[in-house]
Structure formats: C-alpha cells, structure tokens
Amino acid sequence: MLPTDPTLAAVDPTARADFFRDLSSAQQAVAWGVTASRAASADTHWTVWTDFCAELAVDPFLQGLDDPVPLLQVYMHRYRTGRIAPRGNPVRARSAEDAVRSVGQTFSAMGATDPRLTNQGKMDFRLTRQISCYKKEDPPPDRVKPVPVAVLYWILSAAATSQHPGTLAIADMIALAYFFLLRPGEYTATPSETTPFRLADLRLATGNAYLDIFQVPASQLNAATFATLTFTNQKNGVRGEVIGLGLSGHPQLCPVKAALRRVHHLRTYGAVPDTPLSVYFANGAWHRVTPQDITAILRTAVITIGPQHLGFTPANVSARCLRAAGAMGLLCAQVDPNIIRLLGRWRSDEMLRYLHLQAEPIMRHFSRRMLQSGNYVLLPNTDVPH
8 MLPTDPTLAA VDPTARADFF RDLSSAQQAV AWGVTASRAA SADTHWTVWT DFCAELAVDP
68 FLQGLDDPVP LLQVYMHRYR TGRIAPRGNP VRARSAEDAV RSVGQTFSAM GATDPRLTNQ
128 GKMDFRLTRQ ISCYKKEDPP PDRVKPVPVA VLYWILSAAA TSQHPGTLAI ADMIALAYFF
188 LLRPGEYTAT PSETTPFRLA DLRLATGNAY LDIFQVPASQ LNAATFATLT FTNQKNGVRG
248 EVIGLGLSGH PQLCPVKAAL RRVHHLRTYG AVPDTPLSVY FANGAWHRVT PQDITAILRT
308 AVITIGPQHL GFTPANVSAR CLRAAGAMGL LCAQVDPNII RLLGRWRSDE MLRYLHLQAE
368 PIMRHFSRRM LQSGNYVLLP NTDVPH
C-alpha cells in the first residue's frame with residue numbers, strides 16, 4: 008500500500024499518521040542499508056540524473072517514454088567521459104555503471120519499474136554491451152603491492168628505537184593488520200563504516216587460560232601466548248566469530264606481542280573497553296592512528312630499504328596493502344587458499360585479486376616441476392590407430 012492509495016483516505020487519521028511514521032522509518036532503513044559513502048553517492052547520482060533530464064526537458068521519472076534505454080545510454084556516456092561526473096573528469100567503467108545503477112535503484116525504491124531492465128527482469132542488452140566496452144577500454148586495475156616482511160621488520164625496529172607513543176602505536180597496528188589480514192577501517196580511524204577493533208574485542212591467553220586484560224598484573228599479561236579478535240560489525244565478519252593467533256617467534260613482529268603492547272599502553276592511561284586499539288595517548292591527549300599514518304611509514308620504509316631491492320616503488324603501497332601482504336605471506340608458506348580465504352573473510356574468489364604471482368618463492372620451482380610432471384600419454388580415442 009502506497010501513501011497515495013485511496014483506501015488510506017478512509018483510515019482513521021491517527022492510524023494514517025501512524026502508518027506514515029512507520030513508512031518513513033522503513034524508507035530510512037532502506038537508505039541506511041548501505042554504507043554512508045554509498046548512500047551519499049546514490050544521492051549524488053540522482054541529482055546528476057535530474058539535472059541531465061532537465062537539460063533535455065525530459066521527466067526524470069521517464070513518464071511518456073516508450074524506450075528509456077537511449078536516455079540511460081547517453082547519461083552513462085556523459086558520466087563516463089566526465090561531462091556530467093561530479094569532478095568533471097573521465098571515470099572508470101565501474102563508476103559509470105554505478106551511476107546508472109543508482110538511478111535504477113531509486114526507481115525501485117519508489118515502487119516503480121527499474122528502467123534498466125527488460126520485461127524479463129534482465130539488464131537491457133544495449134546497456135550491458137556499453138558497459139562491456141568501457142571495461143575493455145579501462146587501463147589495468149591499480150592493484151596494491153603486498154609488502155614483504157623486510158618492510159615490516161624495518162618499521163617495528165624503527166618504532167622500538169624511537170619509543171614515541173604514536174610511532175609505537177602505528178607499528179603495532181601494522182603488525183596486527185598483517186597477521187589478522189585486516190582492512191584499514193578495522194585497524195585505523197577512517198570515515199568508513201567498518202568498525203575498528205576495540206580493546207574489548209581483544210583477548211589474551213596463556214595456554215588455554217584466558218586473561219582479564221583489565222585486571223591481571225602486567226607480569227601475568229606478559230606470559231600470554233595467544234591473542235584473539237572477536238568480530239562485531241566488521242565487514243564480512245560473522246558476528247561473534249573469533250580469530251586467534253599464537254606467537255610468531257619474533258620479539259616485535261608478532262601478533263601476541265603487538266597486542267600486549269597495545270593493552271599495556273591503553274591500560275596505563277585508563278582506556279575503557281570501547282576504546283579502539285588504534286588510539287594512543289601523547290602530550291596530554293588521545294590521538295588516533297589514521298590510514299595516512301600507515302601509508303606514510305610504509306613508504307618511508309620502502310624508500311629506506313630501496314625500491315630496487317623490493318621490486319616496487321613507494322607509490323605502490325598504502326594502508327590497504329597489509330591485508331594483501333598477510334595473504335601473500337600465507338600463500339608463500341603454502342597454506343591452503345581456502346584457509347587464507349577464511350582468515351581474510353573473503354566470500355568469493357575476490358581474494359585472488361590480492362595475490363601476486365610476482366612473489367619469487369611461489370614461482371621458484373614451477374619450471375622444474377613442469378618438466379618432472381609434463382611427460383604423459385593421453386588415453387587414445389577411437390580415431391587413434393591401435
């Protein structure tokens with residue numbers, strides 16, 4: 008039943024007002040069903056669409072149009088070329104596709120027919136071919152480079168030498184991000200709606216005995232051999248699921264040792280359970296580790312070690328690369344890809360986008376193995392003479 012349904016006219020005014028309040032809440036839930044950034048993009052796309060239609064003197068709701076697809080095609084073309092894109096620059100195929108999708112979803116949200124779809128509910132052939140063409144024209148995707156542990160060793164060592172609270176916090180969050188395959192929104196302060204892990208989400212254990220990180224003495228905490236993170240609202244995480252890791256054997260680059268250092272620092276300054284793990288206290292105030300902090304120190308490490316020794320430049324790394332770095336470390340250790348996918352919470356083969364065959368340990372013995380296993384005889388079919 009829509010607000011314009013004539014049957015509402017006969018409804019008691021109080022019940023009608025109650026209906027509209029609930030409808031407003033439901034519509035708000037629809038809007039908030041995606042991240043704030045995606046909702047804002049959808050609003051922007053609709054504004055661009057209405058301006059585009061106004062320029063052509065066309066009803067944005069496409070009333071009276073027998074075939075709306077040509078209009079959508081031109082809208083997507085102009086968005087693609089930057090003519091009507093918000094920043095005025097050409098965009099990739101995915102952005103142009105998103106712009107048209109937002110228009111269609113706005114129609115659907117209002118109970119109207121999505122103009123992108125045929126009567127069979129499939130995307131119109133002309134739009135799919137247009138998008139396919141754009142994808143072929145796009146340059147290769149800009150994949151982040153997974154940093155080797157040499158970069159992380161340098162960062163952790165430099166932090167231990169400096170002893171500055173901010174540098175130590177950045178280094179520890181880098182260690183946790185690497186071992187737990189975390190997204191930037193999970194281990195730094197970002198505008199993302201991905202919830203960063205809190206002190207309450209972290210648990211430490213000695214053997215099978217978990218420790219009360221807020222109460223036990225520091226000496227008892229230091230004996231911890233295992234650290235876990237509990238997922239709450241993190242992306243692709245199952246609420247309440249726990250992922251744990253043991254000691255790495257390194258005094259600094261270790262998930263347990265990094266977690267311990269975070270707990271000690273936060274306890275010292277009276278942090279409450281909801282405190283993000285990525286905050287630190289310095290100069291009389293609380294500060295947050297940001298993606299920019301992570302990116303800056305990663306690039307400094309790459310410059311110091313030397314791009315010629317690493318195979319990539321500082322511009323190739325950012326806060327996003329630690330998730331890929333952890334996955335690559337596991338792949339090079341010949342860990343089952345399904346286990347890597349579980350740890351990284353990838354729900355599809357998207358994980359493969361993060362893994363690089365440029366890692367020399369992966370490819371080292373392939374040529375030898377191809378010779379060893381490449382000599383075979385095929386089972387003959389009926390055309391092969393006896």
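First residue of the sequence shown: 8, per this note's numbering; consecutive thereafter. Even for Gly, the Cβ is constructed at its ideal location relative to N, Cα and C. Predicted, not measured: the structure shown is a model, and the values here were computed from it.
Here Glu144 is exposed: its Cβ has fewer than 16 other Cβ atoms, across all protein chains shown, within 10 Å.
Bridge partners of Pro344 according to DSSP: none are assigned. Of Val107, Thr57, Ala182, Thr282, the smallest CA-CA separation from Gly336 is found for Ala182. At the C-beta level, Arg90 and Val98 stay beyond 8 Å of one another.
In this structure, the straight-line span from the alpha carbon of Ser255 to that of Gly313 is close to 26 Å. Across the structure, Val110 and Leu78 are spaced so that their CA atoms are roughly 12 Å apart.
Restricted to the region 65-133, the alpha helix (DSSP H) segments that are unbroken, complete and at least 4 residues in length are 76-88, 100-116, listed in chain order. Between the alpha carbons of Arg269 and Ala176 lies a distance of about 7 Å.
Scanning its chain for C-beta atoms nearer than 8 Å, with the 5 sequence neighbours on each side dropped, one finds around Pro93 the residues Thr51, Val55, in chain order. Put simply, the region 214-228 touches the region 269-279. At least three CB pairs are less than 8 Å apart.
In this structure, the CA atom of Ala106 is about 42 Å from the CA atom of Val279. A straight-line Cα-Cα distance of about 43 Å links Trp353 and Glu62. Straight through space, the alpha carbons of Asp29 and Arg23 are spaced by roughly 10 Å. Counting of Cβ neighbours within 10 angstroms places Leu72 among the exposed residues, the total staying below 16.
Asp74 counts as exposed, since fewer than 16 other beta carbons sit within 10 angstroms of its beta carbon. Leu236 has Leu209, Ile250 as its beta-bridge partners, per DSSP.
Following the DSSP letters along the chain, one finds Ala289 inside the beta strand (DSSP E) bounded by residues 286-289.
Beyond the five residues adjoining it in sequence on each side, Asp281 comes within less than 7 Å, by CB distance, of Arg205, Ala207 in the same chain, given in chain order.
With distances taken between CA atoms, Asn215 lies nearest to Ala230 out of Ala230, Thr202, Pro203, Phe221. Between the beta-carbon of Ala167 and that of Val296 there is about 17 Å, and that puts the pair past the 8 Å contact cut. Taking the Cα positions, Leu189 is about 5 Å away from Arg330. Taken through DSSP and simplified to helix, strand or coil, His316 comes out as helix.
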